[in-house]
Amino acid sequence: MKSLACYLLIVSLSLAAVFQARKWETYDVLIWDMAGYYQYLSSYFIYDDIGDGSYTAAVRTQYRPDLDGRYALVPAPNGRNVIKYPLGMSLFYAPAFFLAHAIAKLAGLPADGYSLIYQKMIALGCLMYALVGLWILRKVLRHFFEDTTVALTLLAIGLATNFLNYATYESPTSHGTLFLLTSVLMLLTIRWLAAFHWHDAVLLGITLGIIGLVRITELWMVLVPALWGLTSRQAARERLWLLWNQRGQVVLIASLMLALLTLQLWFWHSVGGAWLIDSYPGEYFDFRHPNLLLGLFSARKGWLLYTPSMTLAIIGIFMMRRQVRALLPVLLVLLPLVLYITFSWENWWYGGGYSARTLVSIYPLLSLPMASFFDWSRRSDWLLRGVSFLLFLFIVLNLTQTWQYYRGILDCCDSNWDLYKERFFWLGWPSA
Numbered sequence: 000m001k002s003l004a005c006y007l008l009i010v011s012l013s014l015a016a017v018f019q020a021r022k023w024e025t026y027d028v029l030i031w032d033m034a035g036y037y038q039y040l041s042s043y044f045i046y047d048d049i050g051d052g053s054y055t056a057a058v059r060t061q062y063r064p065d066l067d068g069r070y071a072l073v074p075a076p077n078g079r080n081v082i083k084y085p086l087g088m089s090l091f092y093a094p095a096f097f098l099a100h101a102i103a104k105l106a107g108l109p110a111d112g113y114s115l116i117y118q119k120m121i122a123l124g125c126l127m128y129a130l131v132g133l134w135i136l137r138k139v140l141r142h143f144f145e146d147t148t149v150a151l152t153l154l155a156i157g158l159a160t161n162f163l164n165y166a167t168y169e170s171p172t173s174h175g176t177l178f179l180l181t182s183v184l185m186l187l188t189i190r191w192l193a194a195f196h197w198h199d200a201v202l203l204g205i206t207l208g209i210i211g212l213v214r215i216t217e218l219w220m221v222l223v224p225a226l227w228g229l230t231s232r233q234a235a236r237e238r239l240w241l242l243w244n245q246r247g248q249v250v251l252i253a254s255l256m257l258a259l260l261t262l263q264l265w266f267w268h269s270v271g272g273a274w275l276i277d278s279y280p281g282e283y284f285d286f287r288h289p290n291l292l293l294g295l296f297s298a299r300k301g302w303l304l305y306t307p308s309m310t311l312a313i314i315g316i317f318m319m320r321r322q323v324r325a326l327l328p329v330l331l332v333l334l335p336l337v338l339y340i341t342f343s344w345e346n347w348w349y350g351g352g353y354s355a356r357t358l359v360s361i362y363p364l365l366s367l368p369m370a371s372f373f374d375w376s377r378r379s380d381w382l383l384r385g386v387s388f389l390l391f392l393f394i395v396l397n398l399t400q401t402w403q404y405y406r407g408i409l410d411c412c413d414s415n416w417d418l419y420k421e422r423f424f425w426l427g428w429p430s431a
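If you're matching positions, the sequence shown starts at 0 in numbering that gives the first Met the number 0 and goes up one per residue.
Next up, the structure:
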């Protein structure tokens, strides 16, 4: 099938990119945010310095002396230190961590949590999460669309967006994993609302809870099952009646989600001495001055400048066929909300990264209107050829700019229009 072939192509290119970069050889995997996510594991299971971090910091500095080994540790009310980042990603790192720890001990390698084997396993494990997410998304898309449309959509998401960067070169970031969780959430929402099985309710509650543990702002995803299918007043009334009849499952979903979220509160209280701790001191949302235009179009990180293929998804919102219009109320509420909150963060460009990395988590939702656009284009051969050529250009642009970002040609943090235009065609650094 075409969609399967396209998926395998994306998998092959992703594996080639990861093994070409081999970032574990330069210990460039467990750094910055990823070092914070990972420290829950190394501090708890190797150094027993949770709340202090000194032993872990010394080992981190040994492998990357150019970076601050205590990065991601912030003071707590009781005088100890808590990890800046939430603990959700450590759950996803855990299988690779324990596998690497076992291999290191059996093979006589440094079992210190930061040697090459740990960095390699984490990078490959997170690549797997992103690719599994794309596979689940294929399953969701095939529920609504013909295989050719699904194939085009997978190519667009997998090769023409910054998903590729966060599945490969920067797979240990949270974005590929959140892509997986959103894909799972969509699948579970469709299944649960169709039959109200208890096991789907359990999985839905667990998924929502883990999403919040990975990034608390992503709890806006609760709107997916809450608003799915509410396309009319009659549909809303019928949903309320159904949910009342299934109130036991609704309570179960909410209880599981809240129970998982309390793990973060438990960590703060047990280590830092308070149930709620501001682990981002000096960083804040400025909801009065959202940087929407800069976030969408600027040369620094503009989402639609660096990922123009997503304009097809936005256009596709107006072309969604009847069978996928169940998503429409979700998008009409969630998309403006996500854009507003995302670009209201005072550091609206979110440090280093390619394009608007925080939006990768909503790509599974946007894939349905994107598929609707491709499905519309199939009404005539010439239109399909034109759209396919446009997609080809988007893929070439994204592959080029992803490579430029990896090589440092495309500035990770402070690009501007002059720099963007100057380096647009560079595939390597000019000779001196």
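Each residue gets a CB set at the ideal place from its N, CA and C atoms; glycine is no exception.
- In the DSSP assignment, L72 forms a beta bridge with I82.
- Here the C-alpha atom of M318 lies approximately 15 Å from the C-alpha atom of T230.
- A straight-line Cα-Cα distance of about 16 Å links V10 and R21.
- The C-beta of E169 has 16 or more other C-beta atoms within 10 Å across all chains shown, which makes the residue buried.
- The Cβ neighbour count for C5, taken over all protein chains shown within 10 Å, is at least 16; the residue is labelled buried.
- Distance check between G294 and each of P109, H268, A355 and L8 places A355 closest, using alpha-carbon atoms only.
- Under the criterion of beta carbons closer than 8 Å, A150 and K1 qualify as touching, at roughly 4 Å.
- Straight-line spacing of the CA atoms in L108 and I102 works out to 8 Å.
- Under the DSSP assignment, E421 falls in the alpha helix (DSSP H) whose first and last residues are W416 to E421.
- Here A298 has L304, S414, N415, W416 and Y419 as same chain residues with Cβ atoms under 7 Å from its own Cβ, once five neighbours each way along the sequence are excluded.
- For Q233 and L242, the gap between their C-alpha atoms comes out near 14 Å.
- When the Cα atoms are used, T167 and L14 turn out to be separated by approximately 8 Å.
- For the set I215, T188 and A193, the Cα lying nearest the Cα of G204 is the one of T188.
- Scanning the segment 81–130 for uninterrupted alpha helix (DSSP H) segments of 4 residues or longer gives 87–106, listed from N- to C-terminal end.
- In this structure L40 touches A93 by the C-beta definition: roughly 6 Å separates them, less than 8 Å.
- Taking the C-beta atoms as reference points, G132 is found nearer than 8 Å to F178.
- According to DSSP, residue pairing for W344 in a beta bridge involves F284.
- Per DSSP, reduced to three states, the secondary structure at Y54 is helical.
- One Cα belongs to N80, the other to I49, and the distance between them is close to 8 Å.
- When DSSP states are grouped into helix, strand and coil, A355 belongs to the coil group.
- A155 and F144 have their alpha carbons spaced roughly 15 Å apart.
- Sequence-distant partners of Y62 (beyond 5 residues in either direction) whose C-beta falls short of 6 Å from its own C-beta, in its chain, are Y26 and Y113.
- C-alpha of S366 to C-alpha of A312: approximately 7 Å in a straight line.
- Judged by DSSP secondary structure, S170 falls outside any alpha helix (DSSP H); it is assigned neither H nor E.
- Remark: C-beta atoms of R287 and P85 do not approach each other more closely than 8 Å.
- Cβ-Cβ distances below 8 Å link P328 to L226, W227, G228, L229 and T230 in the same chain, with the five nearest sequence neighbours on each side left out; the list follows chain order.
- Taking C-beta atoms under 8 Å as the contact rule, E217 and S89 fail to qualify, at a distance of about 16 Å.
- Distance from the Cα of Y404 is smallest, within the candidate group A106, N164, S308 and D146, for N164.
- Here the C-alpha atom of G175 lies approximately 27 Å from the C-alpha atom of V386.
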